[in-house]
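In full-length UniProt numbering, the protein residues as written are 1 to 217. A short worksheet on the structure shown next.
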Amino acid sequence: MFDTVKLDCRLSIMTDSKTSTGATSPRRRDGSLRKDLVEAGISILRDKGIEGLSLRECAARAGVSHAAPAYHFKNLTGLYTAISARGFELFSESMDAKRQEAGQDPRDQLLAICEGYLDFAVGHRELFLFMFSGQDMDPQNQDFDTVSSRAYQILSETCAPFVEAGTDPEEIELLVWSLVHGYTHLAMVNKKRPKHIGTALPLLPDLLRHLDFRNRT
Numbered sequence: 001m002f003d004t005v006k007l008d009c010r011l012s013i014m015t016d017s018k019t020s021t022g023a024t025s026p027r028r029r030d031g032s033l034r035k036d037l038v039e040a041g042i043s044i045l046r047d048k049g050i051e052g053l054s055l056r057e058c059a060a061r062a063g064v065s066h067a068a069p070a071y072h073f074k075n076l077t078g079l080y081t082a083i084s085a086r087g088f089e090l091f092s093e094s095m096d097a098k099r100q101e102a103g104q105d106p107r108d109q110l111l112a113i114c115e116g117y118l119d120f121a122v123g124h125r126e127l128f129l130f131m132f133s134g135q136d137m138d139p140q141n142q143d144f145d146t147v148s149s150r151a152y153q154i155l156s157e158t159c160a161p162f163v164e165a166g167t168d169p170e171e172i173e174l175l176v177w178s179l180v181h182g183y184t185h186l187a188m189v190n191k192k193r194p195k196h197i198g199t200a201l202p203l204l205p206d207l208l209r210h211l212d213f214r215n216r217t
């Protein structure tokens, strides 16, 4: 009886270590499983939207046991937070890469981050919508705080040359953010990059000089 129980346990362990394709998948100690689960989640968002996103579905797509995500995420909120953090990381990289290509002119840099903003959103539509969907995130996840703050920091740095003396920098930052985010959502509705982006975004720096909500009553 005892030998039979031991044999059953060994068979259970061997079965649980198989992927959906039958290949052995030893427990990874280098953190790659967490990354794979996050990438699987992003893939599911792209294919099925948030309705198809679950810990079990991520495990299946990553080719691991349905219990494997529990080693990295205590619940679905933890997975949501990790996916969103990865999204903000890619989002920041898109804006910063465009800014680096733009040179030193503040107007060119402002246009560049707006283009990076739009490029990311059009190229990662479901992920972008998920990031700004208002889903509950894990407040104790420091990675999420760091990468999401970095995205806003890029906006803040690039808007700084357009902040006149005596003006609250946040006014300009929120104005630019609102304009490009609204324009981006129009692109989301069309599911493609707007054809007039080449003529509309370059007008943004001039628009900042003409809009002054502080003097409105």
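C-beta atoms are modelled at their ideal positions from N, C-alpha and C, and glycine is treated no differently.
Since residue i and residue j should fall inside the 8 angstroms C-beta cutoff, what is the C-beta to C-beta distance between them, to a whole number of angstroms?
i	j	result
Ala85	Phe144	4 angstroms
Phe91	Ala151	5 angstroms
Asp96	Ile154	6 angstroms
Ile83	Arg61	Actually they are not in contact, since the Cβ atoms of Ile83 and Arg61 sit about 13 angstroms apart, beyond 8 angstroms.
Tyr80	Gln135	5 angstroms
Measure the CB-CB distance between residue i and residue j and report whether it falls below 8 angstroms.
i	j	result
Arg46	Glu173	no
Asp138	Gly78	yes
residue 234	Met131	Shown here, the chain extends from 1 to 217; a query on residue 234 therefore has no answer.
What is the residue span of the alpha helix (DSSP H) that residue i lies within?
i	result
Glu157	Gln142 to Cys159
Thr77	Leu76 to Glu101
Gln104	Per DSSP, Gln104 belongs to no alpha helix (DSSP H) and is neither H nor E.
Glu126	Arg125 to Met131
Leu55	Leu55 to Ala62
Met39	The identity of residue 39 in the sequence shown is Glu, whereas the question assumes Met. Element bounds for Glu39: Ser32 to Lys48.
Output needed for residue i: all residues of its chain with C-beta closer than 6 angstroms, excluding positions within five of it in sequence on either side, in chain order.
i	result
Ser156	Glu173
Spatial neighbours of residue i within its chain, please: C-beta separation below 8 angstroms, excluding the five flanking residues on both sides.
i	result
Arg99	Gln109, Ala112, Ile113, Gly116, Ile154 and Thr158
Note down, in chain order, each residue of its chain lying with its Cβ closer than 7 angstroms to the Cβ of residue i, except the 5 sequence neighbours on either side.
i	result
Ser94	Gly116, Asp119 and Phe120
Leu55	Pro69, Phe73, Leu76 and Leu79
Cys58	Leu37, Ala40, Gly41, Ile44, Pro69 and Leu79
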